[in-house]
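Residue numbers (this note's numbering): 380 to 620.
Quick reminder that beta carbons are idealized off the backbone N, C-alpha and C, glycines included.
For reference, the structure discussed in these notes is given below.
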Amino acid sequence: MFLLLAASLLPAASAAQTLTGRVLEEGADVPVSGAAVSLVDRGGRHRAGATTDSVGRFVLAPPEAGEFVVVASRLGYETTRSPLLALEVGGRASIEIMMRAMPVGLEGLEVSVEREAELLLRNFGHTPGTLGSRWIDREAIEAMPLPVGPAEAIRWRGIPGVSVAEPPTPGTGELCVVFARRGGCALVILNGIEISPLAAQQMNPHDLEAIAILMPVDATTFYGTRAANGAVLLWTRSGRR
């Protein structure tokens, strides 16, 4: 496990402090997308979170000045912690995090996926257990009568206040998960990366490993206004998109 500071604090014109950076694979210097990045204070409290994009970039906005540690987690990599960072009001920092690959075999993969989900959900103040019926694991998916995709699995679950819009023709259309009194479709995230509702609906049902449904109030704190209608988090067995 290794972390490289790319730059120290730099002056910023805006009063809002930010911490920007990239997550890369150690030794290969390739971006790690879909990593859960958390900003943790000295007391161990989560203060901000983000998910790396397709080129490993992330942005964190601490609620106030102080001393923090950045924690990066991703299935297939060792969890990486930064040294203690001192962020000041009006400051701007840039950091590169180098994550060491940790191959995951097929045996015990389900546990690894649930561990990855737990790490990501912690950013929202949740665990699979606290989500209740809004968490659908592989056991629940396999208990359904036929191989099902995300839309069918969510319908079978019968989550209070959550519905799935019916496509005009069975087996077609987009994954549109709707919260009562919202009307719009929830954002869709697959293995930490935002995907289109159409791509989600076309997933191979046999690859689906777990689903988490986030309420709008939780989703917007992490994904911003594009998650104003909530978010559907999907994980696959092999991490395939």
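(1) Going by CA-CA distance only, name the one from Val416, Leu593, Gly455, Arg426 that's closest to isoleucine 533.
(2) Leaving out five residues before and five after tryptophan 535 in sequence, what residues of the same chain have Cβ atoms less than 6 Å from its Cβ?
(3) Leucine 613 and alanine 589 - do their beta-carbons sit closer together than 9 Å?
(4) The beta strand (DSSP E) with glutamate 588 in it runs from where to where?
(5) In or out: methionine 582 buried (at least 16 other Cβ within 10 Å) or exposed?
(6) Counting along the chain, where does the alpha helix (DSSP H) carrying glutamate 531 start and finish?
(7) Within its chain, find whatever has a CB closer than 8 Å to the CB of leucine 403; leave out the 5 residues flanking it on each side and keep chain order.
(8) Taking the straight line between their C-alpha atoms, what separation do you get for alanine 444 and glycine 455?
(9) Taking leucine 439 as the reference, which of Gly562, Arg471, Arg517 has the closest Cα?
(10) Classify aspartate 420 as helix, strand or coil using the three-state DSSP reduction.
(11) Pick helix, strand or coil for proline 507, following the three-state DSSP scheme.
(12) Decide if arginine 453 is buried, meaning its Cβ has at least 16 other Cβ atoms within 10 Å, or exposed.
(13) Report the start-end ranges of each beta strand (DSSP E) in the region 556–616 that is 3 residues or longer and not cut off at the edges.
(14) For glutamate 446 and leucine 464, which I take to be in contact (beta-carbon distance under 8 Å), what is that distance rounded to the nearest angstrom?
(15) Within the same chain, show all residues whose beta-carbon is closer than 7 Å to that of arginine 513, passing over the 5 residues directly before and after it, in chain order.
(16) Please state the DSSP three-state secondary structure of leucine 398.
(17) Tell me whether proline 442 is buried or exposed, calling it buried when 16 or more other Cβ atoms sit within 10 Å of its Cβ.
(18) So arginine 513 is in the alpha helix (DSSP H); what residue range does that whole segment cover?
(19) Taking the beta strand (DSSP E) that glycine 445 falls in, what are its first and last residues?
With the structure as the only source:
(1) Locating residue 533 in the sequence shown gives position 154, counting from the first residue. That would be Leu593, whose Cα lies nearest to the Cα of isoleucine 533.
(2) Translated into positions along the sequence shown, residue 535 becomes position 156. Excluding residues within five positions, the ones whose Cβ falls inside 6 Å are Met523.
(3) Position 210 of the sequence shown holds residue 589. Position 234 of the sequence shown holds residue 613. Taking 9 Å as the Cβ cut-off, alanine 589 and leucine 613 qualify as a contacting pair.
(4) As a working note, residue 588 is residue 209 in the sequence shown. Counting along the chain, the beta strand (DSSP E) containing glutamate 588 begins and ends at 587–593.
(5) If you number the sequence shown from 1, residue 582 lands on position 203. Its Cβ being crowded by 16 or more others within 10 Å, methionine 582 is buried.
(6) Residue 531 sits at position 152 when you count from the first residue of the sequence shown. Segment 529–536, the alpha helix (DSSP H) holding glutamate 531.
(7) Along the sequence shown, read from residue 1 onward, the residue named residue 403 stands at position 24. Around leucine 403: Val409, Pro410, Val411, Gly435, Glu475, Ile476, Met477, Met478.
(8) As a working note, residue 444 is residue 65 in the sequence shown. As a working note, residue 455 is residue 76 in the sequence shown. Approximately 33 Å between the Cα atoms of the pair.
(9) Here residue 439 is taken as the residue at index 60 of the sequence shown, counted from 1. Of the listed residues, the one whose Cα sits closest to leucine 439 is Arg471.
(10) Against the sequence shown, residue 420 aligns to sequence position 41. Aspartate 420: strand per DSSP, three-state reduction.
(11) Position 128 of the sequence shown, counting from 1, holds the residue named residue 507. Proline 507 falls in the coil class under three-state DSSP.
(12) Looking up residue 453 in the sequence shown gives position 74. Buried is the label assigned to arginine 453, since at least 16 other Cβ atoms lie within 10 Å of its Cβ.
(13) 556–558, 566–569, 587–593, 610–615
(14) As a position in the sequence shown, residue 446 is number 67, starting the count at 1. As a position in the sequence shown, residue 464 is number 85, starting the count at 1. Yes, they are in contact, since the Cβ atoms of glutamate 446 and leucine 464 sit about 7 Å apart, within 8 Å.
(15) The count along the sequence shown starts at 1 and reaches residue 513 at position 134. Excluding sequence neighbours, arginine 513 sits near Ile538, Ala591, Ile592.
(16) As a working mapping, residue 398 is identified with position 19 in the sequence shown. Leucine 398 falls in the strand class under three-state DSSP.
(17) Translated into the one-based positions of the sequence shown, residue 442 becomes position 63. Flag for proline 442 reads exposed.
(18) To locate residue 513, count along the sequence shown from 1; it is residue 134. It is not in any alpha helix (DSSP H) - arginine 513 carries neither H nor E in the DSSP assignment.
(19) For the purposes of this step, residue 445 is taken as residue 66 along the sequence shown, with counting starting at 1. Its beta strand (DSSP E) spans residues 445–452.
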